[in-house]
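Chemist:
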Amino acid sequence: MNRSALPAAPSAYPSMPAILEVSHPITWFPPMWAFACGVVSSGAPVLQQWWLLLAGVLLAGPLMCGTSQVVNDWYDRHVDAINEPNRPIPSGRIPGRWGLYLALIWTTLSLLLAWVLGPWVFGASLIGMALAWAYSAPPFRLKGNGWWGNLAVGFSYEGLAWVTGAAVMLGGAMPDWRILALAVLYSIGAHGIMTLNDFKAIEGDKQMNVRSLPVQLGVDGAARLASIVMAVPQAVVIALLLAWDKPAHAIAVGVVLMIQLLLMIRFLQSPRERATWFSGLGVSVYVTGMMISAFAVRGLLA
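Residue numbers (the working numbering): 7 to 308.
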């Protein structure tokens, strides 16, 4: 018998490429950017604490965000087996219950590093990890409702990552209230960003009884809501920057918002077809405003 013609026995352990794939590195950017905003806004010297910066980036991206992605893929494995069978878990490249084991291992490593970085970092990470599990796992499974699921992701990827970045550079201390205010406002705006991602899966969400906002409110209603939710917090940020005597930064964020408003007008004319287009352009401009605001607060606290 020609043994070389026999199929290879399935591995009992996941391969490193499969582990990397299931953690979805492309999704690490938003929390890492928000973490960087927190670092900048803290007012603390960066180069003198570069090891903290590296540890925080590792925590926000590969660990915390990576954990949320593995958890999501594990609890979506049955749906992915139908829609995307080539993904690591349904394809068997991550065999057995290793998807769950990896999620638990990554959760433990994330919280251990967060504990080392200080009490406020640990507290923010603990909340973020709880939201990551609640988003995908029963009995909560927040992703089943666009109101709660989008809010959970917005606060995890933007607000908590921002607070973590500031707390890391402050030696684990509680950040200034102005940093917290910006983190909350941009987290609320991220709720609208998450709604944009739901337009590409409306039919599938209806079949799977996922109550995304385009399913609940209709295409036009969800598009208007996403635009308002993105714009209003930024208008509040502009008002705060003016109150904090940072007019140049306020004008810059105002320009950022005006660009988004122009994009929103075109998006609202055909939201289902242009959601991905608006997400790509509008979100890039949105996160630019985050960094401008971070530098404004840095000027106040440095």
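No residue lacks a Cβ here, since even glycine has one placed at the ideal position from N, Cα and C.
Assuming contact is defined by CB atoms lying nearer than 9 Å, are L176 and S48 in contact in what I supplied?
Modeler: Their beta carbons are under 9 Å apart, which means L176 touches S48 by this criterion.
Chemist: Which complete beta strand (DSSP E) runs does the segment 235–284 hold, if anything under 3 residues is left out?
Modeler: Runs of the beta strand (DSSP E) inside the segment 235–284: none found.
Chemist: So, at 7 Å on beta carbons, what are the nonlocal neighbours of T33 in its own chain, with the 5 sequence-adjacent residues on each side left out?
Modeler: C71, Q75.
Chemist: Could you check if R9 is buried or exposed, using at least 16 other CB atoms within 10 Å of its CB as the buried criterion?
Modeler: With a pLDDT of only 49 at R9, under 50, the local geometry of the prediction cannot be trusted, and the value read off the model is given with reservation. With fewer than 16 Cβ atoms within 10 Å of its Cβ, R9 is classed as exposed.
Chemist: What does N89 pair with, by DSSP beta-bridge criteria?
Modeler: Answer is none; N89 lacks a bridge partner.
Chemist: Determine the direct distance from the alpha carbon of D82 to that of W283, and round the result to whole angstroms.
Modeler: Their backbone Cα atoms lie some 26 Å apart in a straight line.
Chemist: Would you please state the rounded distance, in angstroms, between the beta carbons of N203 and S285? I believe it to be under 8 Å.
Modeler: Yes, N203 and S285 are in contact; Cβ-Cβ is about 7 Å, under 8 Å.
Chemist: Consult DSSP for H217 and reduce its assignment to one of helix, strand or coil.
Modeler: This sequence places Arg at residue 217; His is not what is there. The answer is strand: DSSP assigns R217 an E or B state.
Chemist: Three or more C-beta pairs closer than 8 Å, one from the segment 218–231 and one from the segment 149–161: is that the case here?
Modeler: With a cut-off of 8 Å, the segment 149–161 and the segment 218–231 count as touching, because enough Cβ pairs lie within range.
Chemist: Over the uninterrupted alpha helix (DSSP H) stretch that includes P23, give me the two end residues.
Modeler: 22–28 is the span of the alpha helix (DSSP H), which, as asked, contains P23.
Chemist: Since L148 is in the alpha helix (DSSP H), which residue starts that stretch and which ends it?
Modeler: Where L148 is concerned, there is no enclosing alpha helix (DSSP H), given that its DSSP letter is neither H nor E.
Chemist: In three-state DSSP terms, what is R83?
Modeler: Residue state, collapsed to three classes: helix.
Chemist: Short of 8 Å in beta carbon distance, which residues of its chain neighbour K252, apart from the five on each side in sequence? Order them along the chain.
Modeler: Cβ within range, chain order: A302, G305, L306.
Chemist: For the 8 Å Cβ check, are there 3 or more pairs between the segment 135–146 and the segment 184–203?
Modeler: Touching, no, given that fewer than three Cβ pairs across the two stretches are closer than 8 Å.
Chemist: Buried or exposed: W80, going by 16 or more other Cβ atoms within 10 Å of its Cβ?
Modeler: The residue is buried, with at least 16 neighbouring Cβ atoms inside 10 Å.
Chemist: Quick one: what's got a C-beta closer than 7 Å to L137's C-beta in the same chain, skipping five residues either side?
Modeler: Excluding sequence neighbours, L137 sits near A158, F161, S162.
Chemist: Leaving out the 5 sequence neighbours to the left and right, which residues in its chain are closer than 7 Å to L59 when beta-carbon positions are compared?
Modeler: Correct list, in chain order: V45, V52.
Chemist: Indicate the three-state DSSP secondary structure (helix, strand or coil) for Y107 in the structure shown.
Modeler: Helix, per DSSP.
Chemist: Between M296 and A40, is the Cβ-Cβ spacing less than 9 Å?
Modeler: Cβ distance < 9 Å, so M296 and A40 count as in contact.
Chemist: Using only CA atoms, which one of L267, M214, D226 lies nearest to V238?
Modeler: Nearest option by C-alpha distance: L267.
Chemist: Out of curiosity, what's the CA-to-CA distance linking A189 and L247?
Modeler: Answer to the nearest angstrom: the Cα atoms are 14 Å apart.
Chemist: Tell me whether P13 sits in a helix, a strand or coil according to DSSP, three-state version.
Modeler: Note on P13: pLDDT 45, under 50, position unreliable in the model; the coordinate value appears next. In the structure shown, P13 sits in coil (DSSP, three-state: anything other than H, G, I, E or B).
Chemist: Is the beta carbon of A256 sitting closer than 9 Å to the one on I244?
Modeler: Contact: yes.
Chemist: If I234 sits next to V262, beta carbons under 8 Å apart, how far is it from one beta carbon to the other, in whole angstroms?
Modeler: Contact flag wrong, Cβ pair sits at about 17 Å.
Chemist: Going by the beta-carbon positions, is the gap between Y292 and I208 smaller than 9 Å?
Modeler: Against a cut-off of 9 Å, the Cβ pair of I208 and Y292 comes out as no contact.
Chemist: Less than 9 Å between the beta carbons of T201 and A232, yes or no?
Modeler: Going by C-beta atoms, T201 is nearer than 9 Å to A232.
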